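In this note's numbering, the protein residues as written are 428 to 709.
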């Protein structure tokens, strides 16, 4: 069975391009399965026999161990994938994997901030008058004003901002590009950033990224999160803030104020209206 396990891991690495961490987790899960099957005495010669009884017993064993939902889902996914691999090689009966449930992880409801908490977070950079702090205030305000994903914000270039129409163009793909209106104070904040603050951060004219770091390069998602987390702790919000907090808050507050569900869906760039509906009752 060690040969089959190694062949399975090679398949995941080469064909599925799984990461080293995922491969290590899957190997641990499959060896746990094999150990259980061996303890049940399901053995022919030196090979382990997988059958309905063994898999059903293994599932019950997993449930009794009180694993977290995510760990349980991964172990079932690893087992199902391995059994399907053995099916393809004729090592177990056809469709044996059908007795295994599809792994499911309960979706968490989007976590939003209250309006008061959003104000605390957005105003945190104002305690400093540096170029970095002014940039930070602008980009936090922009996230909350538009509902952009952090990756989308970090991907914006100067030309994606159109002050003649007061919109920001989020490129996305050709079929999913969208234009998001800029309203209220964010317009003046962005004008000030582009006119005064960004030139202080820029090293040369070749970089066209909207948001620059201290080296004059495009700010990364990781860099943004470090900045946001710092302001979250300074404002007393601590671990309540995540990179998606302002996007979630944008959606919740818009819907609570009577915005049309379809309009919010388009602003957020959701593929399905059901995703947007999750915000309605928060």
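For every residue, glycine included, the Cβ atom is placed at its ideal position computed from N, Cα and C. Here the structure is a predicted model, which is why all the values come from computation and not from measurement.
- Taking all protein chains in view, the Cβ of residue 506 is crowded by 16 or more other Cβ atoms within 10 Å, so the residue is classified as buried.
- Taking the Cβ atoms as the reference, residue 594 lies roughly 6 Å from residue 609, within the contact range of under 8 Å.
- Less than 9 Å divides the Cβ of residue 484 from the Cβ of residue 467.
- DSSP, read as helix, strand or coil, puts residue 699 in coil.
- Counting only the Cα atoms, residue 684 lies some 19 Å from residue 702.
- Contact check between the stretch 574-594 and the stretch 667-674: three or more CB pairs, one atom from each, fall below 8 Å, which counts as touching.
- Its chain contains 530 as the residues whose beta carbon lies nearer than 8 Å to that of residue 504, once the 5 sequence neighbours on both sides are disregarded; these appear in chain order.
- Under DSSP, residue 636 takes part in a beta bridge, and its partners are 584.
- Taking a cut-off of 8 Å for Cβ pairs, the stretch 621-634 and the stretch 540-553 do not touch, as fewer than three such pairs fall below it.
- By the 16-neighbour rule on beta-carbons within 10 angstroms, residue 502 is buried.
- Fully contained in the stretch 508-534 is no alpha helix (DSSP H) run of length 4 or more.
- If you draw a straight line from the Cα of residue 558 to the Cα of residue 454, it comes to about 49 Å.
- Inter-residue distance for residue 436 and residue 445 is about 9 Å (C-alpha atoms, whole angstroms).
- For residue 432, the enclosing alpha helix (DSSP H) covers residues 429-441.
- In this chain, the alpha helix (DSSP H) harbouring residue 626 covers 625-628.
- Distance from the CA of residue 669 to the CA of residue 656, rounded to the nearest whole angstrom, comes to 8 Å.
- Taking 9 Å as the cut-off, the beta carbon of residue 524 is found closer than this to the beta carbon of residue 510.
- Looking from the CA of residue 695, the closest CA among 517, 495, 578 belongs to 578.
- Distance between residue 664 and residue 452, taken at the CA atoms: about 34 Å.
- Between residue 490 and residue 431, the C-beta spacing is not below 9 Å.
- If you draw a 10 Å sphere on the C-beta of residue 603, you find fewer than 16 other C-beta atoms in it, and that means exposed.
- Looking at the DSSP output, residue 607 sits in a beta bridge with 595.
- A distance below 6 Å between beta-carbons, with the five flanking residues on each side excluded, links residue 512 to the following residues of its chain, in chain order: 435.
- Its chain contains 436, 439, 440 as the residues whose beta carbon lies nearer than 7 Å to that of residue 450, once the 5 sequence neighbours on both sides are disregarded; these appear in chain order.
- For residue 456, the three-state secondary structure derived from DSSP is helix.
- Here the alpha carbons of residue 542 and residue 618 stand approximately 25 Å from one another.
- The Cβ neighbour count for residue 660, taken over all protein chains shown within 10 Å, is under 16; the residue is labelled exposed.
- Residue pairing from DSSP places residue 589 in a beta bridge opposite 594.
- For the pair residue 640 and residue 646, the Cα-to-Cα distance works out to about 5 Å.
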